[in-house]
Amino acid sequence: MTRLSRIAKALLVATAITHVGFFAAAYGALALAGAPFPIAGSALVTLVGYAGMVALVRSGLDDRKSPAWRVRFLRIPYFVHWCACVFTLVPDLLYLVLRPLGGLAVGDVRVPPSGFLVVYVVGLVVCTYGVLVRRRVFQEIHIEVRVKDLPPAFEGFTIAHLSDLHIGALTPEEWGHRWVRAANAFGADIAVVTGDLVTSGTAFHEDIARVVSALRARDGVYVTMGNHDYFGEGEPLVSLLKAGGSRVLRNEGLVLTRGDARLYLAAIDDTWTRRADLDLALAERPAGVPCVLLAHDPEMFPKAAARGVDVTLSGHTHGGQIAVPFLARRFSLATLAHTFNVGVYREGDATLYVHPGLGTTGPPIRLGAAPAVVRLTLRAAT
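FYI, the numbering for the sequence shown is 0 to 381, going by numbering that gives the first Met the number 0.
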């Protein structure tokens, strides 16, 4: 079974589960409205909701070009609905947990259909914000990173960091150019993109290349590949990026200079498809020269730190996309699956920065985990 087929089956199962609560919400709405045959009506709209995901899966999970009207008036509203259905799991779970205790402590714990309706409506409001507003509005983050034995010539060296663009039908090229304008305004020494430029497939490779080729930095633009960049053929994208003037680093590195001072910039290829080779990426690192590593997957950080890499720049997690506001580092969907989910981490003299990402995968929603364009400034450790 391929990875995409497993994702398709998981989406169908998740949609079936979340639409149980939606059935109750629909019944509550029809009953309150005095509609005839509320059970049949709620079953019908629930089946329509499930059919929406079936249609998406049958059309293929490769991201494809679609008419703007279809994205704006069909796909986006459907994902708002789908995410709102997830909210209806809350009364479902409460019912399952509390029902065994009903006779002992809490009496009748049944959730009326009107309760599901209220939860669904609240979900619609919250998810409309998350899909239409929060994922569009990015922030700028400025971070200083302390580096041991950083040459004075590299004091204040700046890096514009973008990650997880996922440009495609739901994250259009126009958004990418807004991110690039913000990054270019930093006037950084280098600009880096740490993988997942693609959602899936190859249809948006040219859009991505136009965005990345618009990046400007004194010492160049550097890109490393992520797992989604291989959800389809990755080599055409690499060729387009190179043609646009970017340097795609795959298990390799190069020396940046300021007079006689040197800084080693390296990158590894994707870990999910087992293309990463840290030893090869660091093979040409001069002894005693500080190193910045681009690695899409932050789980490479302990190995990089053990090899003496000073700064590792990663992405991959999206900060969970859904997180508790102001507490995203501790409470997000990313914390369920990742050791390093967002922000700065240190291990000895080594520093990891996990970018919160700019695009989305799965449901196109962000709540409590804002997209960002990041500027990192290197400072000598004191």
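Backbone N, C-alpha and C define an ideal beta-carbon position, used for all residues, glycine too. Since the structure is predicted, the reported quantities are computational estimates derived from the model, not experimental observations.
(message) Considering Cα atoms alone, identify which of Asp91, His165, Thr157 is closest to Leu116.
(response) In the sequence shown, residue 116 corresponds to position 117, counting from 1. Of Asp91, His165, Thr157, the residue nearest in Cα terms is Asp91.
(message) So if DSSP puts Gly342 in a beta bridge, which residue, or which two residues, is it bridged to?
(response) On the sequence shown, residue 342 is found 343 positions in, with the first residue counted as 1. For Gly342, which the question treats as bridged, DSSP gives the partners Val353.
(message) Please tell me whether Ala28 has its Cβ less than 9 Å away from any Cβ of chain C.
(response) The structure shown has no chain C; it contains just one protein chain.
(message) With distance defined between alpha-carbon atoms, name the residue in Phe185, Ala15, Gly200, Leu73 nearest to Cys84.
(response) Working through the sequence shown from its first residue, we reach residue 84 at position 85. Nearest of Phe185, Ala15, Gly200, Leu73 to Cys84, Cα basis: Ala15.
(message) For the alpha helix (DSSP H) containing Val121, name the first residue and the last one.
(response) Within the sequence shown, numbered from 1, the residue matching residue 121 stands at position 122. 112-128 is the extent of the alpha helix (DSSP H) around Val121.
(message) By the DSSP assignment, the alpha helix (DSSP H) with Gly186 in it spans what residues?
(response) Within the sequence shown, residue 186 is the residue found at index 187, counting from 1. Looking at the DSSP string, Gly186 is not in any alpha helix (DSSP H), and its letter there is neither H nor E.
(message) Is the separation between the beta-carbon of Ala159 and that of Ala190 shorter than 9 Å?
(response) Start at 1 with the first residue of the sequence shown, and residue 159 comes out as number 160. Start at 1 with the first residue of the sequence shown, and residue 190 comes out as number 191. Going by C-beta atoms, Ala159 is nearer than 9 Å to Ala190.
(request) Assign Val89 to one of three DSSP states: helix, strand, or coil. (result) Taking the sequence shown and counting its residues from 1, the one referred to as residue 89 is at position 90. Val89: helix per DSSP, three-state reduction.
(message) Once DSSP output is grouped into helix, strand and coil, what is the label at Arg209?
(response) What you label residue 209 is simply residue 210 of the sequence shown in a count that begins at 1. Three-state result, Arg209: helix.
(request) Tell me Tyr263's beta-bridge partners as DSSP assigns them. (result) As a working mapping, residue 263 is identified with position 264 in the sequence shown. According to DSSP, which records beta bridges pairwise, Tyr263 is partnered with Val254, Cys290.
(request) Any chance you could list the alpha helix (DSSP H) runs of at least 4 consecutive residues sitting entirely within the stretch 17-74, in chain order? (result) For secondary structure counted as the alpha helix (DSSP H) over 4 or more consecutive residues, the stretch 17-74 holds these complete runs in sequence order: 37-57.
(request) Report all residues from its chain with a CB closer than 8 Å to the CB of Ala260; omit the five preceding and five following residues, and keep chain order. (result) Here residue 260 is taken as the residue at index 261 of the sequence shown, counted from 1. Taking Ala260 as the centre and dropping the five residues before and after it, the same chain places the C-beta of Pro150, Pro151, Ala152, Phe153 closer than 8 Å to its C-beta, in chain order.
(message) Is the beta carbon of Leu357 closer than 9 Å to that of Leu236?
(response) Stepping through the sequence shown from its first residue, residue 236 is reached at position 237. Stepping through the sequence shown from its first residue, residue 357 is reached at position 358. Against a cut-off of 9 Å, the Cβ pair of Leu357 and Leu236 comes out as no contact.
(message) Mapping the DSSP letters down to three states, classify Arg133 as helix, strand or coil.
(response) Along the sequence shown, read from residue 1 onward, the residue named residue 133 stands at position 134. Correct three-state label for Arg133: helix.
(request) Could you tell me which uninterrupted alpha helix (DSSP H) segments, each at least 4 residues in length, are contained entirely in the stretch 221-249, listed from first to last along the chain? (result) 234-242
(message) DSSP three-state label for Leu279, please.
(response) The residue labelled residue 279 in the question sits at position 280 within the sequence shown. Note: Leu279 maps to helix in three-state DSSP.
(request) For the beta strand (DSSP E) holding Ala159, just list the boundary residues, first then last. (result) Looking up residue 159 in the sequence shown gives position 160. Looking at the DSSP string, the run of the beta strand (DSSP E) that includes Ala159 is 157-161.
(message) Could you pull the DSSP bridge partners for Arg145 from this structure?
(response) Position 146 of the sequence shown, counted from the first residue, corresponds to residue 145. Answer is Arg378.
(message) I need the straight-line Cα distance from Val56 to Ala7, nearest angstrom please.
(response) By 1-based counting over the sequence shown, the position of residue 56 is 57. By 1-based counting over the sequence shown, the position of residue 7 is 8. One C-alpha to the other measures close to 6 Å.
(request) Starting from Leu196, follow the beta strand (DSSP E) in both directions and report where the run begins and ends. (result) On the sequence shown, residue 196 is found 197 positions in, with the first residue counted as 1. Counting along the chain, Leu196 falls outside any beta strand (DSSP E), and DSSP gives it neither H nor E.
(request) Note down, in chain order, each residue of its chain lying with its Cβ closer than 6 Å to the Cβ of Val120, except the 5 sequence neighbours on either side. (result) Sequence index remark: in the sequence shown, residue 120 carries index 121 (1-based). Contacts found: none.
(request) Starting from Val310, trace the beta strand (DSSP E) both ways and give me its first and last residue. (result) The residue labelled residue 310 in the question sits at position 311 within the sequence shown. Here the beta strand (DSSP E) through Val310 covers 310-313.
(request) Report the rounded CA-to-CA distance for Asp62 versus Thr201, giving the unit in angstroms. (result) Residue mapping note: residue 62 aligns to position 63 of the sequence shown, counting from 1. Residue mapping note: residue 201 aligns to position 202 of the sequence shown, counting from 1. So the alpha carbons of these two residues sit roughly 8 Å apart.
(message) Would Leu164 and Val136 qualify as a contact pair, given that the criterion is a beta-carbon distance under 9 Å?
(response) As a first step, residue 164 is located in the sequence shown; it is residue number 165 there, counting from the start. As a first step, residue 136 is located in the sequence shown; it is residue number 137 there, counting from the start. Against a cut-off of 9 Å, the Cβ pair of Val136 and Leu164 comes out as no contact.
(message) Spatial neighbours of Pro324 within its chain, please: C-beta separation below 6 Å, excluding the five flanking residues on both sides.
(response) Here the question's residue 324 lines up with position 325 in the sequence shown. Gly367.
(request) State the Cα-Cα distance for the pair Gly194 and Leu375, rounded to the nearest angstrom. (result) Reading the sequence shown from its first residue, position 195 is the one you call residue 194. Reading the sequence shown from its first residue, position 376 is the one you call residue 375. Rounded to the nearest angstrom, the two C-alpha atoms are 17 Å apart.
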